[in-house]
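S.K.: Okay, handing you the structure first.
2 protein chains.
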Amino acid sequence: MSVMRAAASGLADQAGHRPSAARERILATASRLFYSEGIHAVGVDRVIAESGVAKATLYAHFTSKEELVAAYLAQASDEWQQWMRTSLERAALPPGESVLAVFDLVGERFQAPGFRGCPFINAAAEFPGPGRVTERIDAHRTRVRDLFAGLARSAGAAGPESLADTLTMLYDGAMISAQLDGRPAAAQDAREVARGLLAAA
Amino acid sequence: MSVMRAAASGLADQAGHRPSAARERILATASRLFYSEGIHAVGVDRVIAESGVAKATLYAHFTSKEELVAAYLAQASDEWQQWMRTSLERAALPPGESVLAVFDLVGERFQAPGFRGCPFINAAAEFPGPGRVTERIDAHRTRVRDLFAGLARSAGAAGPESLADTLTMLYDGAMISAQLDGRPAAAQDAREVARGLLAAA
DNA sequence: ATTATGACAGACAGGTCTGTCTACAATCAA
DNA sequence: TTGATTGTAGACAGACCTGTCTGTCATAAT
Chain G
29 MSVMRAAASG LADQAGHRPS AARERILATA SRLFYSEGIH AVGVDRVIAE
79 SGVAKATLYA HFTSKEELVA AYLAQASDEW QQWMRTSLER AALPPGESVL
129 AVFDLVGERF QAPGFRGCPF INAAAEFPGP GRVTERIDAH RTRVRDLFAG
179 LARSAGAAGP ESLADTLTML YDGAMISAQL DGRPAAAQDA REVARGLLAA
229 A
Chain H
29 MSVMRAAASG LADQAGHRPS AARERILATA SRLFYSEGIH AVGVDRVIAE
79 SGVAKATLYA HFTSKEELVA AYLAQASDEW QQWMRTSLER AALPPGESVL
129 AVFDLVGERF QAPGFRGCPF INAAAEFPGP GRVTERIDAH RTRVRDLFAG
179 LARSAGAAGP ESLADTLTML YDGAMISAQL DGRPAAAQDA REVARGLLAA
229 A
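Structure, rendered in structure tokens:
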């Protein structure tokens, strides 16, 4: 059975889906559209059309639109974590500097064309209730906070847990300012405030 | 003509609409639904039904749904400004304390039942492009920033303009944390950071 | 008394939404 | 060859979307 082969050879992704060109095209198209135009504003017909896939194929891979949205967020979170970790590792900075480097890294993204804020904050605005989407948002929030907590701990800061909350808050605030005010420099502002907090801790 | 009378007697609102029970019911219902469930998730039929109004009446007062959304945001911004100003005036604090009081005030809102973040941040997530909605968002952002800039200037802080940007960023970050992490204490965290910034300036 | 206004109820059009279904083609393994 | 898998194409259902329209009624100014 090919599923077993795929799993045995490590080709399945973490959710157990084996790689499929159609699935990846759907997810890539959905990610682009959901992020740039909003989720409720984009119908599945649009995703179908722009990914060149049959409707039945989409519903074979994702049981509902909400599931597709959850997959979009899961992928975005994975990519964020991958990018953050490898970037920080490659820089090989002392722990205190790594905290600040996070703000430099997101600052670059603020200037990228098509930047429209945080996918998770945006999704939260559209999906109030509990559900798959909210689960993915919560999971990502935990990842961000854990990243800061780990870096703060490595830096030997006093009260790394509470500091992580504050750093996450700065991170969010910078994102909002970059998105709503078109002010990518918010990343540097946040970085400066973070520097002060680290020095005090 | 009654419109002239209404205008002459000062009964017209700032957009030139004269007070109308139906209009107010529509706007109140739309505000409640848009804020709590998201904008694209609520159709005009729903607003009609729950405000007990005829569809023709809604479209007599608002040319389109987008216009209704813009009116919702305009009203939310007006109420925010009114509430902020009167609260700060009533407290009659020294300027430096007033800046911090802003965070105390929003902190109270974070705990209010039904709190679901900032209406403007949420709306921005759903309305990417330029348009009436984005205009109202920008206008409100300016109000928030101007409030901080004015208070910072009164407090005699160095670089009140740049400080206003940073304070707005903290304000946004606290709102996001309260909404997404269910952490109303973010207001106090932001307040503490703001206190440090003011002391340094 | 007449006219104007505002609001009511609700049908209607034309489109889009999500999700299901049937039928057919291509690939590949047994 | 045969059968399983995966994908494509597109019709279809039923609900909901925004926005328009007709017609009725109550109120109130002229």
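Chains as they are written, first to last, in the numbering used here: chain G, 29 to 229; chain H, 29 to 229.
Glycine included, each C-beta is placed from N, C-alpha and C at the ideal position.
All values derive from a computational prediction rather than experimental measurement.
1. Using a Cβ-Cβ distance cut-off of 7 angstroms, determine whether Ile204 of chain G contacts chain H.
2. Output yes if chain H places a C-beta closer than 7 angstroms to the C-beta of Ala185 of chain G; else output no.
3. Suppose the cutoff is 8 angstroms on Cβ atoms and the five residues either side in sequence are ignored; what does the same chain contact list for Gln110 of chain G look like?
4. Can you name the residues of chain H whose CB is closer than 8 angstroms to the CB of Ser64 of chain G?
5. Please give the ranges of any beta strand (DSSP E) in the stretch 141-222 of chain H, keeping only runs that are unbroken, at least 3 residues long and fully inside the region.
6. To be precise: take each residue of the stretch 189-201 of chain H, compare its Cβ to all Cβ atoms of chain G, and keep it if any distance is under 9 angstroms. Which residues remain?
7. My assumption, with CB atoms under 8 angstroms, is that Glu154 of chain H sits in contact with Gly210 of chain G. Please give the rounded CB distance.
8. Hey, Leu128 of chain H and Ala186 of chain H are a contact pair by Cβ (cut 8 angstroms); roughly how many whole angstroms apart?
9. May I ask which residues mark the beginning and end of the alpha helix (DSSP H) holding Val127 of chain H?
10. Between the Cα of Ala49 of chain H and the Cα atoms of H:Leu86, H:Gly71, H:Asp73 and H:Arg60, which residue gives the shortest distance?
11. Taking the alpha helix (DSSP H) that His89 of chain H falls in, what are its first and last residues?
12. Taking Cβ positions only, does His68 of chain H come closer than 7 angstroms to chain G?
13. Quick test of your reading: Pro156 of chain G and Ala104 of chain G, contact by CB under 8 angstroms. State the CB separation rounded to the nearest angstrom.
14. Against chain H, with Cβ distances strictly below 7 angstroms, would Ala152 of chain G count as a contact?
15. Can you tell me which of H:Glu94, H:Glu136, H:Arg173 and H:Arg137 puts its alpha carbon nearest to the alpha carbon of Thr194 of chain H?
16. Determine which residues of the stretch 161-183 of chain H have a Cβ less than 7 angstroms from any Cβ of chain G, and write them out in chain order.
17. Could you give the DSSP three-state label for Ile239 of chain H: helix, strand or coil?
18. Taking a contact to mean a Cβ-Cβ separation below 7 angstroms, would you say Ser92 of chain G touches Ile54 of chain G in this structure?
19. Give me, in chain order, the residues of the same chain whose beta-carbon lies closer than 7 angstroms to that of Glu189 of chain G; leave out the 5 immediate sequence neighbours on both sides.
20. Under 7 angstroms between the Cβ atoms of Leu191 of chain G and Ala180 of chain G?
21. Return the residue from the list H:Met112, H:Phe131 and H:Val161 that minimises the CA-CA distance to Leu101 of chain H.
22. Is there a Cβ from chain H that is less than 7 angstroms from the Cβ of Ala120 of chain G?
23. Quick one: using the 10 Å Cβ neighbour count with 16 as the cut-off for buried, is Gly135 of chain G buried or exposed?
24. Would you mind sorting Arg113 of chain H into buried or exposed? The rule is 16 or more other CB atoms within 10 Å of its CB.
25. Using C-beta distances below 6 angstroms, list every residue in its chain close to His168 of chain G, excluding the 5 sequence neighbours before and after it, in chain order.
26. So Phe138 of chain G packs on Ala206 of chain G, CB below 8 angstroms; how close in whole Å?
27. Between which two residues does the alpha helix (DSSP H) containing Ala77 of chain H stretch?
28. Specify, as a first and last residue, the run of the alpha helix (DSSP H) that Ala229 of chain G falls within.
29. Measuring only between beta-carbons, confirm whether Ala214 of chain G sits less than 7 angstroms from chain H.
30. DSSP three-state label for Ala120 of chain H, please.
31. Of all the CB atoms in chain G, is at least one closer than 7 angstroms to the CB of Leu101 of chain H?
M.R.: Taking the structure as given:
1. Yes, Ile204 of chain G counts as interfacial toward chain H.
2. Using a CB distance cut-off of 7 angstroms, Ala185 of chain G does not count as an interface residue toward chain H.
3. Within the same chain, Gln110 of chain G has no close Cβ partners at all.
4. Pro156, listed in chain order.
5. Note on the stretch 141-222 of chain H: there is no whole beta strand (DSSP E) run with a minimum of 3 residues.
6. Residues Ser190, Asp193, Thr194, Thr196, Met197, Leu198, Tyr199, Asp200 and Gly201.
7. Actually they are not in contact, since the Cβ atoms of Glu154 of chain H and Gly210 of chain G sit about 18 angstroms apart, beyond 8 angstroms.
8. At roughly 17 angstroms, the Cβ-Cβ gap does not stay under 8 angstroms, so Leu128 of chain H and Ala186 of chain H are not in contact.
9. Counting along the chain, the alpha helix (DSSP H) containing Val127 of chain H begins and ends at Pro123 to Gln139.
10. Residue nearest to Ala49 of chain H within the set H:Leu86, H:Gly71, H:Asp73 and H:Arg60 is H:Leu86 (criterion: CA-CA distance).
11. Residues Lys83 to His89.
12. Chain G contact via Cβ: present.
13. The pair is not a contact, with the Cβ atoms about 20 angstroms apart (cut-off 8 angstroms).
14. Put simply, the CB of Ala152 of chain G is near chain H, with a gap under 7 angstroms to one of its CB atoms.
15. The residue with the shortest Cα to Cα distance from Thr194 of chain H is H:Arg173.
16. For the stretch 161-183 of chain H, residues whose beta-carbon sits nearer than 7 angstroms to a beta-carbon of chain G comprise Ile165 and Arg169.
17. Chain H is shown only over 29 to 229; residue 239 of chain H falls outside these bounds and no answer can be derived.
18. No, Cβ-Cβ distance for Ser92 of chain G and Ile54 of chain G is not below 7 angstroms.
19. Taken in chain order, the residues that qualify are Ala177.
20. Yes, these two residues count as a Cβ contact at 7 angstroms.
21. The shortest C-alpha separation from Leu101 of chain H is found at H:Val161.
22. Answer no: the Cβ-Cβ gap between Ala120 of chain G and chain H never drops below 7 angstroms.
23. Gly135 of chain G should be labelled buried.
24. Counting Cβ neighbours within 10 Å, Arg113 of chain H comes out exposed, since fewer than 16 surround it.
25. Excluding five sequence positions before and after His168 of chain G, the CB atoms of its chain that fall closer than 6 angstroms to its own CB belong to Ser105 and Phe148, given in chain order.
26. Confirmed, Cβ separation roughly 4 angstroms.
27. Ala77 of chain H -> alpha helix (DSSP H) spans Val72 to Ser79.
28. Neither: Ala229 of chain G is in no alpha helix (DSSP H) and is coded neither H nor E.
29. Yes, Ala214 of chain G lies at the interface with chain H (some Cβ there is under 7 angstroms from its Cβ).
30. Here DSSP, grouped into helix, strand and coil, assigns Ala120 of chain H to coil.
31. Output row for Leu101 of chain H: interface = no.
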